[in-house]
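K.L.:
Submitted below is the structure of interest, expressed as structure tokens.
2 protein chains.
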Amino acid sequence: MKVTFLGTSGSLPTKKRGQPAIHLQYKDESMLWDCGEGTQRQLKHTDISPFKINSAYITHLHADHLIGLAGLIQSLQFLDRKEKLEIYGPKGIDRYVEFFKNWDHFNLEFEIDTIEIRKGRIKEREDYEVEAFPVKHSTPSYGFIFKEKPSINLNKEKLKELDLLNHPKCSELKEKGEIEHKGNKIKLEDVKEPEKEGRKVVYSGDTKPCKELERAAENSDLLIVDSTFGEDHKEKSIEYGHGEAKGMAEIAKKANVGKLVLTHFSNRYKDERELEKEAREVFEESYAAEDFMEIEI
Amino acid sequence: MKVTFLGTSGSLPTKKRGQPAIHLQYKDESMLWDCGEGTQRQLKHTDISPFKINSAYITHLHADHLIGLAGLIQSLQFLDRKEKLEIYGPKGIDRYVEFFKNWDHFNLEFEIDTIEIRKGRIKEREDYEVEAFPVKHSTPSYGFIFKEKPSINLNKEKLKELDLLNHPKCSELKEKGEIEHKGNKIKLEDVKEPEKEGRKVVYSGDTKPCKELERAAENSDLLIVDSTFGEDHKEKSIEYGHGEAKGMAEIAKKANVGKLVLTHFSNRYKDERELEKEAREVFEESYAAEDFMEIEI
Numbered sequence: 018m019k020v021t022f023l024g025t026s027g028s029l030p031t032k033k034r035g036q037p038a039i040h041l042q043y044k045d046e047s048m049l050w051d052c053g054e055g056t057q058r059q060l061k062h063t064d065i066s067p068f069k070i071n072s073a074y075i076t077h078l079h080a081d082h083l084i085g086l087a088g089l090i091q092s093l094q095f096l097d098r099k100e101k102l103e104i105y106g107p108k109g110i111d112r113y114v115e116f117f118k119n120w121d122h123f124n125l126e127f128e129i130d131t132i133e134i135r136k137g138r139i140k141e142r143e144d145y146e147v148e149a150f151p152v153k154h155s156t157p158s159y160g161f162i163f164k165e166k167p168s169i170n171l172n173k174e175k176l177k178e179l180d181l182l183n184h185p186k187c188s189e190l191k192e193k194g195e196i197e198h199k200g201n202k203i204k205l206e207d208v209k210e211p212e213k214e215g216r217k218v219v220y221s222g223d224t225k226p227c228k229e230l231e232r233a234a235e236n237s238d239l240l241i242v243d244s245t246f247g248e249d250h251k252e253k254s255i256e257y258g259h260g261e262a263k264g265m266a267e268i269a270k271k272a273n274v275g276k277l278v279l280t281h282f283s284n285r286y287k288d289e290r291e292l293e294k295e296a297r298e299v300f301e302e303s304y305a306a307e308d309f310m311e312i313e314i
Numbered sequence: 018m019k020v021t022f023l024g025t026s027g028s029l030p031t032k033k034r035g036q037p038a039i040h041l042q043y044k045d046e047s048m049l050w051d052c053g054e055g056t057q058r059q060l061k062h063t064d065i066s067p068f069k070i071n072s073a074y075i076t077h078l079h080a081d082h083l084i085g086l087a088g089l090i091q092s093l094q095f096l097d098r099k100e101k102l103e104i105y106g107p108k109g110i111d112r113y114v115e116f117f118k119n120w121d122h123f124n125l126e127f128e129i130d131t132i133e134i135r136k137g138r139i140k141e142r143e144d145y146e147v148e149a150f151p152v153k154h155s156t157p158s159y160g161f162i163f164k165e166k167p168s169i170n171l172n173k174e175k176l177k178e179l180d181l182l183n184h185p186k187c188s189e190l191k192e193k194g195e196i197e198h199k200g201n202k203i204k205l206e207d208v209k210e211p212e213k214e215g216r217k218v219v220y221s222g223d224t225k226p227c228k229e230l231e232r233a234a235e236n237s238d239l240l241i242v243d244s245t246f247g248e249d250h251k252e253k254s255i256e257y258g259h260g261e262a263k264g265m266a267e268i269a270k271k272a273n274v275g276k277l278v279l280t281h282f283s284n285r286y287k288d289e290r291e292l293e294k295e296a297r298e299v300f301e302e303s304y305a306a307e308d309f310m311e312i313e314i
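Quick mapping for you: the protein sequence lines, in order, are chains V and Z.
Counted from 1, the first sequence has number 108 at position 91 by my numbering; the numbering is strictly sequential.
Counted from 1, the second sequence has number 167 at position 150 by my numbering; the numbering is strictly sequential.
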């Protein structure tokens with residue numbers, strides 16, 4: 018599983034930072050979390066094919082998290098995409114997508130499914146799910162949790178004993194929890210390995226530190242947070258509903274997070290390592306994001 | 018007068034080329050010609066302040082020439098702009114701008130004047146005018162002519178003789194064409210220098226070579242053209258309504274142009290100097306545009 022930062026600026030892009038966008042690759046699933054202006058061009062600096070993106074999850078409807086969708090959609094059409102694209106976002110996302118779907122000049126021929134989200138599970142597959150949780154910003158906003166489902170692995174020694182190693186009935190056993198084999202009743206719980214927790218990645222979107230984020234972040238491998246401000250603008254961060262490095266680090270610590278990545282920096286900071294330093298005073302595994310930074314999980 | 022290329026790709030941006038946008042600075046007038054996705058970020062690589070842009074002229078409603086307007090408008094609002102922004106474009110531009118003006122999340126407080134254009138003069142000031150001319154693309158499209166008005170300069174020796182050097186009545190003379198001074202009737206034509214032609218810059222927008230462009234380009238100091246293709250795709254260029262380097266160079270030659278700049282390159286060309294070379298076989302003063310290239314006129 019790989020997370021790639023495509024844009025790490027706040028509302029205003031800078032020379033070295035594009036507007037917010039994060040890419041997650043999990044097996045064949047290629048998804049965007051937010052899609053600021055210029056995301057399609059940022060992709061050109063990576064080995065991610067825009068063509069293979071299946072879904073885009075938008076945290077809220079502020080332009081800097083959203084505007085890149087239009088250009089991406091248009092370019093996918095130019096490239097003659099056929100597969101469906103799923104777009105998730107708060108109430109109103111449909112109006113945005115519909116505007117461009119109906120823009121005469123787009124001539125869209127592939128399907129776009131727009132899903133207006135609420136709190137809770139918004140996507141489920143056999144091997145993972147995505148959950149949305151409400152956060153505290155200046156407009157209705159969500160964070161996202163990517164959660165891999167625990168994988169069921171069978172103990173090879175025990176399978177050998179039962180003459181079941183590599184046997185087609187193993188799938189049935191995983192599915193049904195019990196099978197009959199050579200006259201014996203075999204229960205899943207007797208042959209399976211201890212369950213391994215799936216990987217978990219959490220993204221705050223734009224928000225000030227809040228309980229909802231703390232709950233969502235619990236035991237995540239990677240927590241990506243709004244760190245628009247540092248301690249020098251702590252009050253402003255609360256007023257505007259934005260993150261502040263140290264406050265976010267406190268959440269990461271409480272929530273027993275593996276790694277904290279700060280992003281969405283205000284352009285007032287010339288060196289974002291300062292914010293990283295503030296966070297590390299509280300939580301050592303804190304990192305300031307850079308455009309095109311990659312994290313393997 | 019300075020022309021800066023902000024984006025020189027075709028429909029799909031590349032690593033080194035942003036989507037179409039050109040900036041013209043003429044005295045205090047700071048204008049954009051087209052505004053592809055990412056234009057606001059391209060500006061960060063120049064000394065042009067987005068804050069001082071007075072107007073944007075959009076050649077046609079294809080997304081790659083238009084999408085950057087939304088982000089630019091949002092950022093101007095963040096920067097607390099107060100001055101009006103003028104946006105010119107073909108029928109339909111108003112629907113695009115209105116959508117974003119009314120997008121709840123924009124909270125626009127400055128005025129935007131959207132002007133749906135037709136062929137002919139679309140902007141006039143004392144010292145320059147902008148004219149739109151129809152071109153041949155796959156959707157209603159215009160090219161633009163920036164034309165400085167001829168300047169009236171008075172002959173200093175003659176003014177001295179008439180005791181008028183630096184006299185306030187000089188403005189009246191320029192305006193009315195005739196004044197009375199110390200009992201003499203003085204006519205403008207008797208004291209003015211030979212008229213100096215104003216500077217002329219022409220931009221084709223997206224088009225195949227056509228008569229309208231040839232007429233518009235006549236005697237221009239700078240002609241900027243769609244050069245999506247080279248000779249290897251001459252037929253495709255005609256089919257898609259796009260420029261082809263050599264065909265455009267022929268227009269430049271016929272129209273007695275000062276300098277020809279090719280832009281809007283298809284990403285199939287790895288080295289656009291090849292297209293420049295093709296154009297130079299016909300018209301020596303041909304140049305392939307690069308992002309951030311500046312031309313003083």
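Cβ coordinates follow ideal geometry from the N, Cα and C atoms, glycine included.
The structure presented is a predicted model; accordingly, all values stated were derived computationally and were not measured.
Please list the residues of the stretch 39-57 of chain Z that have a C-beta atom closer than 7 Å to any C-beta atom in chain V, keeping them in chain order.
P.N.:
E54, G55 and Q57
K.L.:
Judging by CA-CA distance, which residue of D144(V), A80(V), D97(V) and K140(V) is the nearest neighbour of V114(V)?
P.N.:
Within the first sequence, numbered from 1, the residue matching residue 114(V) stands at position 97. Measuring from the Cα of V114(V), the nearest candidate turns out to be A80(V).
K.L.:
Using only CA atoms, which one of Q57(Z), A266(Z), K99(Z) and K69(Z) lies nearest to A296(Z)?
P.N.:
As a working mapping, residue 296(Z) is identified with position 279 in the second sequence. Ranking the options by Cα distance to A296(Z), first place goes to A266(Z).
K.L.:
Out of S188(Z), L96(Z) and R285(Z), which one is the CA nearest neighbour of S66(Z)?
P.N.:
In the second sequence, the residue the question calls residue 66(Z) occupies position 49. Of the candidates S188(Z), L96(Z) and R285(Z), the one whose C-alpha sits nearest the C-alpha of S66(Z) is L96(Z).
K.L.:
Please classify G137(Z) as buried or exposed, where buried requires at least 16 other C-beta atoms within 10 Å of its C-beta.
P.N.:
One-based indexing of the second sequence puts residue 137(Z) at position 120. With fewer than 16 other Cβ atoms within 10 Å, it is exposed.
K.L.:
To the nearest angstrom, how far is the alpha carbon of S188(Z) from that of L29(V)?
P.N.:
Within the second sequence, numbered from 1, the residue matching residue 188(Z) stands at position 171. Within the first sequence, numbered from 1, the residue matching residue 29(V) stands at position 12. Spanning the alpha carbons of S188(Z) and L29(V) requires a straight line of approximately 45 Å.
K.L.:
Helix, strand or coil for E115(V)? Go by DSSP, reduced to three states.
P.N.:
As a position in the first sequence, residue 115(V) is number 98, starting the count at 1. DSSP places E115(V) in helix when its eight states are reduced to three.
K.L.:
Does F68(V) pass the burial test, meaning 16 or more other C-beta atoms within 10 Å, or should it be called exposed?
P.N.:
Within the first sequence, residue 68(V) is the residue found at index 51, counting from 1. The residue in question, F68(V), is exposed, as its Cβ has fewer than 16 Cβ neighbours within 10 Å.
K.L.:
List, in chain order, every chain V residue whose beta-carbon is nearer than 7 Å to that of S254(Z).
P.N.:
Taking the second sequence and counting its residues from 1, one reaches residue 254(Z) at position 237. Annotation: S254(Z) has no Cβ neighbours in chain V at a cutoff of 7 Å; minimum Cβ distance is about 16 Å.
K.L.:
Identify every residue that forms a DSSP beta bridge with A73(Z).
P.N.:
Locating residue 73(Z) in the second sequence gives position 56, counting from the first residue. L49(Z) and I104(Z).
K.L.:
Within 8 Å (strictly less), CB to CB, does T131(Z) reach chain V?
P.N.:
Your numbering for residue 131(Z) matches position 114 in the second sequence. No, because no Cβ of chain V sits closer than 8 Å to the Cβ of T131(Z).
K.L.:
Closer than 8 Å between beta carbons: that is the criterion. Which residues of the stretch 215-238 of chain V meet it against chain Z?
P.N.:
none
K.L.:
Ignore the nearest five residues each way along the sequence and tell me which others in S254(V)'s own chain have a CB closer than 8 Å to its CB.
P.N.:
Here residue 254(V) refers to the residue found at position 237 when the first sequence is read from its first residue. Once the five neighbours on either side are set aside, the close Cβ partners of S254(V) are K225, T245, F246, G260, E261 and G264.
K.L.:
Given a cut-off of 8 Å on the beta-carbon distance, is the pair V147(Z) and Y74(Z) in contact?
P.N.:
Taking the second sequence and counting its residues from 1, one reaches residue 147(Z) at position 130. Taking the second sequence and counting its residues from 1, one reaches residue 74(Z) at position 57. Result yes, Cβ atoms of V147(Z) and Y74(Z) sit closer than 8 Å.
K.L.:
Using the Cα positions of E304(V) and L49(V), report the straight-line distance between them to the nearest angstrom.
P.N.:
Residue numbering aside, residue 304(V) sits at position 287 when the first sequence is read from its first letter. Residue numbering aside, residue 49(V) sits at position 32 when the first sequence is read from its first letter. The amino acid occupying residue 304(V) in the given sequence is Tyr; Glu does not appear at that position. Using only the alpha carbons, I get a separation of about 21 Å.
K.L.:
Quick check on P30(V) - is its C-beta less than 8 Å from some C-beta in chain Z?
P.N.:
On the first sequence, residue 30(V) is found 13 positions in, with the first residue counted as 1. It does; some Cβ of chain Z falls within 8 Å.
K.L.:
Suppose only complete runs of 3+ residues qualify. What are the beta strand (DSSP E) ranges in the stretch 281-308 of chain Z, listed by chain order?
P.N.:
List check, beta strand (DSSP E) in window: 303-305.
K.L.:
What does L23(Z) reach in chain V if we use C-beta pairs closer than 8 Å?
P.N.:
Numbered from 1 along the second sequence, position 6 holds the residue referred to as residue 23(Z). Under the 8 Å cutoff, chain V gives no residues; its nearest Cβ is about 13 Å from L23(Z).
K.L.:
Under 8 Å between the Cβ atoms of H154(V) and H77(V)?
P.N.:
As a first step, residue 154(V) must be located in the first sequence, where it is residue number 137. As a first step, residue 77(V) must be located in the first sequence, where it is residue number 60. Yes, the Cβ-Cβ distance between H154(V) and H77(V) is below 8 Å.
K.L.:
Name the DSSP beta bridge partners of D130(Z), please?
P.N.:
Within the second sequence, numbered from 1, the residue matching residue 130(Z) stands at position 113. In DSSP, D130(Z) forms a bridge with E103(Z).
K.L.:
Of all Cβ atoms in chain Z, is any one closer than 8 Å to the Cβ of H79(V)?
P.N.:
Counting from 1 along the first sequence, the entry for residue 79(V) is found at position 62. At least one chain Z Cβ lies under 8 Å of H79(V).
K.L.:
Measure how close the beta-carbons of E103(V) and D130(V) come, nearest whole angstrom, since I'm counting them as under 8 Å.
P.N.:
Here the question's residue 103(V) lines up with position 86 in the first sequence. Here the question's residue 130(V) lines up with position 113 in the first sequence. In this structure, E103(V) and D130(V) form a Cβ contact; the two beta carbons are roughly 5 Å apart against a cut-off of 8 Å.
K.L.:
Less than 8 Å between the beta carbons of R285(V) and M18(V), yes or no?
P.N.:
Along the first sequence, one-based indexing puts residue 285(V) at 268. Along the first sequence, one-based indexing puts residue 18(V) at 1. Not a contact, by the Cβ cut-off of 8 Å.
K.L.:
Around the C-beta of D243(V), are 16 or more other C-beta atoms found within 10 angstroms, so that it is buried, or is it exposed?
P.N.:
Translated into positions along the first sequence, residue 243(V) becomes position 226. So D243(V) counts as buried.
K.L.:
So the candidates are F127(Z), G109(Z), N124(Z) and K175(Z); which of them puts its Cα closest to the Cα of P157(Z)?
P.N.:
Reading the second sequence from its first residue, position 140 is the one you call residue 157(Z). Measuring from the Cα of P157(Z), the nearest candidate turns out to be G109(Z).
K.L.:
Considering only DSSP beta bridges, list what I255(Z) is partnered with.
P.N.:
Position 238 of the second sequence, counted from the start, is the residue given in the question as residue 255(Z). DSSP output for I255(Z) lists no bridge partner at all.
K.L.:
Check the Cβ-Cβ distances between K19(V) and every residue of chain Z, and say whether any is below 8 Å.
P.N.:
Here residue 19(V) refers to the residue found at position 2 when the first sequence is read from its first residue. K19(V) does not count as touching chain Z.
K.L.:
For a contact defined as C-beta to C-beta under 7 Å, what are the partners of S92(V) on chain Z?
P.N.:
Numbered from 1 along the first sequence, position 75 holds the residue referred to as residue 92(V). Within chain Z, the residues near S92(V) are L29.
K.L.:
Flag this pair as yes or no: are the beta carbons of I312(V) and L205(V) separated by less than 8 Å?
P.N.:
As a first step, residue 312(V) must be located in the first sequence, where it is residue number 295. As a first step, residue 205(V) must be located in the first sequence, where it is residue number 188. Using a Cβ distance threshold of 8 Å, I312(V) and L205(V) do not count as a contacting pair.
K.L.:
Using 8 Å as the limit for Cβ to Cβ distance, is I84(Z) near chain V?
P.N.:
Your numbering for residue 84(Z) matches position 67 in the second sequence. With 8 Å as the cut-off, I84(Z) counts as an interface residue toward chain V.
K.L.:
So, does the CB of H62(Z) fall closer than 8 Å to a CB anywhere in chain V?
P.N.:
Position 45 of the second sequence, counting from 1, holds the residue named residue 62(Z). Yes - at least one Cβ of chain V is within 8 Å of the one on H62(Z).
K.L.:
Output, in chain order, the set of chain V residues within a Cβ distance shorter than 9 Å of H122(Z).
P.N.:
Counted from its first residue, the second sequence places residue 122(Z) at position 105. The contacting residues are H77, L78, H79, A80, L83, G109 and T156.
K.L.:
Going along the chain, which residues of its own chain have a beta-carbon closer than 7 Å to the beta-carbon of G27(Z), five neighbours each way excluded?
P.N.:
By one-based count along the second sequence, residue 27(Z) stands at place 10. The beta carbon of G27(Z) sits closer than 7 Å to the beta carbons of T245, H281, F282, S283 and N284 from its chain, once the five residues preceding and following it are set aside; these are given in chain order.
K.L.:
Work out the CA separation of E192(V) and N172(V) for me, nearest whole Å.
P.N.:
The count along the first sequence starts at 1 and reaches residue 172(V) at position 155. The count along the first sequence starts at 1 and reaches residue 192(V) at position 175. So the alpha carbons of these two residues sit roughly 16 Å apart.
K.L.:
G260(V) CB to nearest chain Z CB: under 8 Å?
P.N.:
By one-based count along the first sequence, residue 260(V) stands at place 243. G260(V) does not count as touching chain Z.
K.L.:
Candidates V274(Z), K287(Z), A306(Z) and M310(Z): which alpha carbon is nearest V299(Z)'s?
P.N.:
Within the second sequence, residue 299(Z) is the residue found at index 282, counting from 1. Of the listed residues, the one whose Cα sits closest to V299(Z) is V274(Z).
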